[in-house]
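FYI, my numbering numbers position 49 of the sequence shown as 53, with every residue one higher than the one before it. The C-beta atom is built at its ideal place from N, Cα and C for all residues, glycine as well. Here is the structure we will look at, set down as structure tokens.
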Amino acid sequence: MEGRVCVVTGGNAGIGRATALGLARLGATVAIIGRSRERGETAAAEIRRETGNLDVSFLLADLADQAAIRRVAA
């Protein structure tokens with residue numbers, strides 16, 4: 005997955021977090037999108053620490069809000 009950029013919604017917990025973790029372990033650049041800045045930043049930091057992959061970030065957005073989606077996509 006090196007050289008790939010993967011966007012994971014709900015990556016701060018549960019299946020989304022497991023997906024983000026697995027992709028990071030495979031060397032992907034991972035962007036986690038979620039509604040809670042605190043939980044998202046914590047999850048991204050933990051995944052970076054667990055995998056050694058520094059290309060894991062968090063983007064704050066509520067995907068039910070079209071303006072937020074446009075902001076993240078820009």
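On the CB-based measure, 16 or more other CB atoms within 10 Å of its CB, does residue i come out buried or exposed?
i	result
ALA4	Residue coverage of the chain in this structure runs from 5 to 78, which leaves residue 4 outside it and unanswerable.
ARG41	exposed
Would you mind working out which of the options sits nearest residue i, comparing C-alpha positions?
i	options	result
VAL9	ILE36, ARG43 and ALA71	ILE36
LEU63	GLY14, ALA28 and GLY7	GLY14
THR33	ASP66, ALA68, ALA72 and ALA48	ALA48
ASP69	ILE51, GLY38, ASN57 and GLY44	GLY38
What span of residues does the alpha helix (DSSP H) with residue i cover, start to end?
i	result
ALA71	70-77
Can you give me the start and stop residues for the beta strand (DSSP E) that residue i sits inside?
i	result
LEU63	60-64
Please specify which runs of the alpha helix (DSSP H), each continuous and at least 4 residues long, are wholly inside the stretch 8-50, giving them in chain order. 18-29
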